[in-house]
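Here's the structure we're looking at; comments come further down.
In our numbering, the protein residues as written are 61 to 220.
Structure below.
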């Protein structure tokens with residue numbers, strides 16, 4: 061499975077965004093999406109595959125709630141996402157989000173496992189709406205074409 065995206069925890073989102081914007085500019089990267097606590101970067105005309113998320117520095121003796129590194133693997137189906145999730149639990153990982161569609165964007169189906177070190181490992185199957193429409197288009201267009209030919213043939217006296 062190829063990587064879909066990586067997310068790094070940073071203590072200063074603004075400074076890190078400025079740093080990585082400059083650093084990755086020669087590679088064609090720019091800011092794709094900027095939210096209050098996270099910034100997604102990616103190549104021009106591409107999807108964001110590099111993310112920064114604000115994570116306050118860990119206080120002495122405090123482990124709870126501190127975010128670790130986030131890695132996301134691409135899946136080829138929802139079934140594969142479910143298999144990843146089940147395998148992660150079996151291997152000793154902890155649930156961090158059961159398989160299901162997320163509200164990030166339509167067609168974003170993912171599952172999350174915390175590994176043995178607490179890193180957030182995601183498996184993602186993403187099918188955008190336009191791709192779903194294209195998959196159904198041949199059957200819809202095919203039915204419309206048959207209907208049009210039948211109508212035209214009937215009007216042309218073919219006896220259909």
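Beta carbons: idealized from backbone N, C-alpha and C, even for Gly. Computed from a predicted model, the values in this text were never measured in an experiment.
Around the C-beta of residue i, are 16 or more other C-beta atoms found within 10 angstroms, so that it is buried, or is it exposed?
i           : result
residue 66  : exposed
residue 164 : exposed
residue 155 : exposed
residue 148 : buried
residue 112 : buried
residue 83  : exposed
For residue i and residue j, which I take to be in contact (beta-carbon distance under 8 angstroms), what is that distance rounded to the nearest angstrom?
i          : j           : result
residue 86 : residue 115 : No, residue 86 and residue 115 are not in contact; Cβ-Cβ is about 27 angstroms, not under 8 angstroms.
Quick one: what does DSSP say residue i is sitting in, helix, strand or coil?
i           : result
residue 72  : coil
residue 186 : strand
residue 81  : helix
residue 221 : Any question about residue 221 goes unanswered here, given that the chain covers just 61 to 220.
residue 143 : helix
residue 226 : With the chain covering 61 to 220 only, the question about residue 226 has no answer from this structure.
residue 95  : coil
Roughly how many whole angstroms lie between the Cα atoms of residue i and residue j?
i           : j           : result
residue 106 : residue 62  : 15 angstroms
residue 79  : residue 150 : 39 angstroms
residue 98  : residue 91  : 11 angstroms
residue 94  : residue 146 : 33 angstroms
residue 103 : residue 89  : 4 angstroms
residue 187 : residue 135 : 11 angstroms
residue 174 : residue 159 : 14 angstroms
residue 143 : residue 137 : 10 angstroms
residue 76  : residue 100 : 12 angstroms
Taking Cβ positions, are residue i and residue j nearer each other than 9 angstroms?
i           : j           : result
residue 172 : residue 161 : no
residue 177 : residue 133 : no
residue 180 : residue 131 : yes
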